[in-house]
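Student: My questions will all concern the structure given below.
Protein chains in written order, with this note's numbering: chain A, 698 to 901; chain B, 698 to 901.
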């Protein structure tokens with residue numbers, strides 16, 4: 698195994714969490730570098746795109762979360778070998794990014810503007826997008842997004858669903874997945890009860 | 698080779714263009730489905746995420762442009778075999794997506810608001826982002842984003858640089874790459890003069 702150092706913020710979620718989960722599931726040793734605010738400000742100028750996560754692999758820095766998640770997926774056996782199944786795994790990860798980009802602009806808004814924008818997302822674009830993710834999951838059999846087994850795509854969607862249901866996103870109803878895409882909530886619950894994932898969160 | 702149908706809008710650019718270029722470079726036969734406005738409105742309800750491009754491969758639909766570009770890159774030999782070089786190829790493609798997401802919200806703005814938003818991007822976030830892309834290119838030797846050879850990442854960045862310099866983006870100065878990231882412009886010119894790419898655009 699290569700020498701790995703994954704740098705990301707110190708909370709259970711976000712763009713760096715799927716890679717952390719995959720490495721834990723596969724029992725792959727890595728330096729789990731948890732970055733706090735002051736350190737982030739110091740690190741930022743050295744980061745390829747000014748943001749986290751970054752993965753150092755045998756001394757080479759890789760940026761961009763989806764690139765990192767795929768690399769870690771390949772290292773841990775959580776990425777399909779098959780060309781088309783790999784693309785379906787990628788498709789779901791990109792769809793998760795789209796959801797994050799839908800929410801992105803609202804983070805820098807004043808609270809009244811944020812409330813309006815997020816309520817519009819919850820009734821419109823985000824709701825529809827979760828419906829699209831659900832439909833793709835249903836087309837693949839309803840349990841996994843690709844390869845009929847757990848892949849890095851499932852971890853990525855799990856982290857998104859967990860985020861939306863967590864209550865940390867003001868003005869986004871926590872029951873949005875339940876109402877708009879109940880199959881995504883079932884998927885979330887199934888991933889959460891994976892023995893390695895349950896043990897990981899129980900231990901922290 | 699699998700049976701391929703790539704559906705995307707009928708113009709030289711955008712999220713579907715890198716896959717079209719890759720298929721042409723590798724002389725891989727595919728159905729080049731060019732979608733016009735009225736047909737898009739008909740197709741939209743059937744598209745996995747309501748958007749183009751989509752790739753049909755042996756009857757299976759794959760959505761999300763980066764997923765499609767990677768699949769086509771793997772089919773055409775324009776994606777690295779090496780794990781880390783593959784991740785650096787992915788990183789650049791994701792960075793192109795970030796640039797598109799920076800511009801995204803401005804498309805639905807009124808013209809005065811659009812002008813202010815895009816001028817701010819050209820002096821700020823977009824300018825910085827092009828600088829980051831340039832720095833990554835420089836770190837890899839200045840010619841290619843990964844694997845020291847032409848990959849789908851180079852086609853993806855080429856299409857972005859071409860877009861910004863084309864003049865089709867109101868209020869984004871066409872000389873922004875020249876001023877903010879001259880190495881990206883050199884990279885653009887080198888990709889553009891690739892014999893297969895030059896012949897492709899000359900023929901259309």
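Glycine included, C-beta positions come from ideal geometry on N, C-alpha and C. The structure displayed is predicted, hence computed values, not measured ones.
Residue 818 of chain A CB to nearest chain B CB: under 7 Å?
Tutor: Numbered from its first residue, the first chain carries residue 818 of chain A at position 121. No - not a single Cβ of chain B is within 7 Å of the one on residue 818 of chain A.
Student: Kindly indicate the opening and closing residues of the beta strand (DSSP E) around residue 861 of chain B.
Tutor: Position 164 of the second chain holds residue 861 of chain B. No beta strand (DSSP E) contains residue 861 of chain B, which is instead part of the alpha helix (DSSP H) from 849-862.
Student: From residue 739 of chain B to residue 760 of chain B, what does the alpha carbon distance come to, in whole angstroms?
Tutor: Translated into the one-based positions of the second chain, residue 739 of chain B becomes position 42. Translated into the one-based positions of the second chain, residue 760 of chain B becomes position 63. The straight-line gap from Cα to Cα measures roughly 17 Å.
Student: List, from N- to C-terminal side, the alpha helix (DSSP H) runs of 4 residues or more that fit wholly inside the stretch 731-773 of chain B.
Tutor: The alpha helix (DSSP H) runs lying completely inside the stretch 731-773 of chain B and spanning 4 residues or more are 734-740, 762-772, given in chain order.
Student: Would you list the one or two residues that DSSP bridges to residue 704 of chain B?
Tutor: As a first step, residue 704 of chain B must be located in the second chain, where it is residue number 7. Answer is B:730, B:751, bridged to residue 704 of chain B.
Student: Indicate whether the contact test is met: 3 or more Cβ pairs, each with one atom in the stretch 711-728 of chain A and one in the stretch 841-859 of chain A, closer than 8 Å.
Tutor: yes
Student: Pop quiz: residue 777 of chain A and residue 843 of chain A are said to be a contact at Cβ under 8 Å. What is the actual Cβ separation, rounded to whole angstroms?
Tutor: Locating residue 777 of chain A in the first chain gives position 80, counting from the first residue. Locating residue 843 of chain A in the first chain gives position 146, counting from the first residue. Going by Cβ atoms, the distance from residue 777 of chain A to residue 843 of chain A rounds to 6 Å, so yes, they are a contact pair.
Student: With a cut-off of 8 Å on the beta carbons, I'd call residue 881 of chain A and residue 874 of chain A a contact; round off their distance for me.
Tutor: Translated into positions along the first chain, residue 881 of chain A becomes position 184. Translated into positions along the first chain, residue 874 of chain A becomes position 177. At roughly 5 Å, the Cβ-Cβ gap stays under 8 Å, so residue 881 of chain A and residue 874 of chain A are in contact.
Student: Can you grab the Cα-Cα spacing for the pair residue 820 of chain A / residue 829 of chain A, in whole Å?
Tutor: If you number the first chain from 1, residue 820 of chain A lands on position 123. If you number the first chain from 1, residue 829 of chain A lands on position 132. Using only the alpha carbons, I get a separation of about 14 Å.
Student: So residue 775 of chain B and residue 722 of chain B are in contact, right, with Cβ under 8 Å, and what is the actual spacing, rounded?
Tutor: Indexing the second chain from 1 puts residue 775 of chain B at position 78. Indexing the second chain from 1 puts residue 722 of chain B at position 25. About 7 Å separates the two Cβ atoms, so the contact holds.
Student: Once you ignore the five residues that flank residue 770 of chain A on each side, which residues in its own chain have a CB closer than 7 Å to its CB?
Tutor: The residue labelled residue 770 of chain A in the question sits at position 73 within the first chain. Result list for residue 770 of chain A: 719, 776, 848, 849, in chain order.
Student: Determine whether the beta carbon atoms of residue 758 of chain B and residue 751 of chain B lie at a separation below 7 Å.
Tutor: Locating residue 758 of chain B in the second chain gives position 61, counting from the first residue. Locating residue 751 of chain B in the second chain gives position 54, counting from the first residue. Yes, they are a contact pair.
Student: Among the candidates A:787, A:768, A:784, A:788, whose CA atom is the shortest distance from the CA of residue 780 of chain B?
Tutor: Position 83 of the second chain, counted from the start, is the residue given in the question as residue 780 of chain B. The candidate whose alpha carbon is nearest that of residue 780 of chain B is A:768.
Student: Cα-Cα, which of A:727, A:872, A:709, A:710 is closest to residue 703 of chain A?
Tutor: By one-based count along the first chain, residue 703 of chain A stands at place 6. Residue A:727 is the option with its Cα nearest to residue 703 of chain A.
Student: For residue 808 of chain B, does the count of other Cβ atoms within 10 angstroms reach 16, so buried, or fall short, so exposed?
Tutor: Within the second chain, residue 808 of chain B is the residue found at index 111, counting from 1. Under this definition residue 808 of chain B is an exposed residue.
Student: Please report whether the beta-carbon of residue 858 of chain A lies at a distance below 7 Å from any beta-carbon of chain B.
Tutor: By one-based count along the first chain, residue 858 of chain A stands at place 161. No, residue 858 of chain A lies away from the interface with chain B (no Cβ there is under 7 Å from its Cβ).
Student: Tell me whether residue 866 of chain B sits in a helix, a strand or coil according to DSSP, three-state version.
Tutor: The count along the second chain starts at 1 and reaches residue 866 of chain B at position 169. Note: residue 866 of chain B maps to coil in three-state DSSP.
Student: Is residue 854 of chain B close to chain A, meaning its C-beta is less than 7 Å from at least one C-beta of that chain?
Tutor: By one-based count along the second chain, residue 854 of chain B stands at place 157. So, not an interface residue.
Student: Taking only beta-carbon atoms, is residue 763 of chain B less than 7 Å away from chain A?
Tutor: Position 66 of the second chain, counting from 1, holds the residue named residue 763 of chain B. Chain A contact via Cβ: present.
Student: Going along the stretch 724-749 of chain A in order, which residues come within less than 8 Å of chain B, judged by CB to CB distance?
Tutor: 745, 746, 747
Student: Beta-carbon within less than 7 Å of residue 782 of chain A's beta-carbon, same chain only, minus the 5 sequence neighbours each way: which residues are those?
Tutor: Numbered from its first residue, the first chain carries residue 782 of chain A at position 85. Around residue 782 of chain A: 843, 844.
Student: Got a sec? Which residues, its chain only, sit under 7 Å from residue 835 of chain B by beta carbon, not counting five neighbours each side?
Tutor: As a first step, residue 835 of chain B is located in the second chain; it is residue number 138 there, counting from the start. Counting only Cβ-Cβ distances below 7 Å, and skipping sequence neighbours, we find 880.
Student: Between residue 793 of chain B and residue 725 of chain B, is the Cβ-Cβ spacing less than 7 Å?
Tutor: Mapped onto the second chain, residue 793 of chain B falls at position 96. Mapped onto the second chain, residue 725 of chain B falls at position 28. For residue 793 of chain B and residue 725 of chain B, no; Cβs fall outside 7 Å.
Student: Can you look up residue 787 of chain B in the DSSP assignment and give me helix, strand or coil?
Tutor: Against the second chain, residue 787 of chain B aligns to sequence position 90. Correct three-state label for residue 787 of chain B: helix.
Student: Shortest alpha-carbon distance to residue 764 of chain A belongs to which of B:790, B:749, B:762?
Tutor: Here residue 764 of chain A refers to the residue found at position 67 of the first chain. With distances taken between Cα atoms, residue 764 of chain A lies closest to B:790.
Student: Closest to residue 824 of chain B by C-alpha separation, out of B:872, B:810, B:812, would be which residue?
Tutor: Start at 1 with the first residue of the second chain, and residue 824 of chain B comes out as number 127. Of the listed residues, the one whose Cα sits closest to residue 824 of chain B is B:872.
Student: For the alpha helix (DSSP H) containing residue 694 of chain B, name the first residue and the last one.
Tutor: Only positions 698 to 901 of chain B appear in this structure, which leaves residue 694 of chain B out of reach.
Student: Using only alpha-carbon positions, find the residue among A:883, A:817, A:889, A:766 that is nearest to residue 838 of chain A.
Tutor: Your numbering for residue 838 of chain A matches position 141 in the first chain. Comparing Cα positions, the closest option is A:883.
Student: Flag residue 822 of chain A as yes if its beta-carbon sits less than 7 Å from any beta-carbon of chain B, otherwise no.
Tutor: Within the first chain, numbered from 1, the residue matching residue 822 of chain A stands at position 125. Answer no: the Cβ-Cβ gap between residue 822 of chain A and chain B never drops below 7 Å.
Student: So the candidates are A:859, A:897, A:729, A:832; which of them puts its Cα closest to the Cα of residue 797 of chain A?
Tutor: Taking the first chain and counting its residues from 1, one reaches residue 797 of chain A at position 100. Taking only the C-alpha atoms, the option nearest residue 797 of chain A is A:859.
Student: What distance in whole Å lies between the Cβ atoms of residue 827 of chain A and residue 877 of chain A, which are believed to be in contact at a cut-off of 8 Å?
Tutor: If you number the first chain from 1, residue 877 of chain A lands on position 180. If you number the first chain from 1, residue 827 of chain A lands on position 130. So it is a contact: roughly 5 Å between Cβ atoms.
Student: For residue 803 of chain A and residue 816 of chain A, I'd like the C-alpha separation in whole angstroms.
Tutor: Here residue 803 of chain A refers to the residue found at position 106 of the first chain. Here residue 816 of chain A refers to the residue found at position 119 of the first chain. Spanning the two alpha carbons is a distance of roughly 11 Å.
Student: I want to check one thing, is the minimum distance from the CB of residue 745 of chain A to the heavy atoms of the ligand ZN below 6 Å?
Tutor: The ligand ZN is not part of the structure shown, which contains no ligands of any sort.
Student: Helix, strand or coil for residue 842 of chain A, going by three-state DSSP, please let me know.
Tutor: Position 145 of the first chain, counted from the first residue, corresponds to residue 842 of chain A. Note: residue 842 of chain A maps to coil in three-state DSSP.
Student: Helix, strand or coil for residue 837 of chain B per DSSP?
Tutor: Reading the second chain from its first residue, position 140 is the one you call residue 837 of chain B. Three-state DSSP puts residue 837 of chain B in coil, outside helix and strand.
Student: DSSP state of residue 793 of chain B, grouped into three classes?
Tutor: Within the second chain, residue 793 of chain B is the residue found at index 96, counting from 1. Correct three-state label for residue 793 of chain B: helix.
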